[in-house]
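Everything on this sheet refers to the single structure shown next.
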Amino acid sequence: MKKILKLDANLFFAIGIIFLSIGGIWMSYAEEKNLIQLGIIVLGGLVGISGGIIGLIQRREIIKESKDQ
2 MKKILKLDAN
12 LFFAIGIIFL
22 SIGGIWMSYA
32 EEKNLIQLGI
42 IVLGGLVGIS
52 GGIIGLIQRR
62 EIIKESKDQ
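Numbering (my numbering), first residue to last: 2 to 70.
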């Protein structure tokens with residue numbers, strides 16, 4: 002749990018948006034749609050969602066610490 006609190010959630014959001022953009026642009030310009038393009042889009046979505054979960058966990062811990070003081 003302590004390792005999760007040290008991660009930067011904004012980094013996950015940025016990487017997720019980059020993956021989603023690359024996958025979307027690649028899928029829009031390609032003649033054939035394949036599983037790799039879909040996998041990149043899904044990977045970007047999962048990375049973005051994990052960044053949101055990490056941010057919520059960090060926020061909850063910060064609120065707990067402020068209430069304890």
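From the three backbone atoms N, C-alpha and C, an ideal C-beta is built for every residue, glycine too. Note that the structure is predicted; figures quoted are calculated from it, not measured.
For residue i, name the three-state secondary structure that DSSP assigns.
{"i": "LYS3", "result": "helix"}
{"i": "ASN11", "result": "helix"}
{"i": "LYS34", "result": "coil"}
{"i": "GLN59", "result": "helix"}
Check whether the Cβ of residue i sits closer than 7 Å to any heavy atom of the ligand COA, and report yes or no.
{"i": "ILE18", "result": "Because no ligand of any kind appears in the structure shown, any question about the ligand COA cannot be addressed here."}
Buried or exposed for residue i, please, with buried defined as at least 16 other CB atoms from any protein chain shown within 10 angstroms of its CB.
{"i": "ILE55", "result": "buried"}
Fill in: Stretch pair the segment 32 to 46 + the segment 57 to 65: three plus CB contacts closer than 8 Å
no
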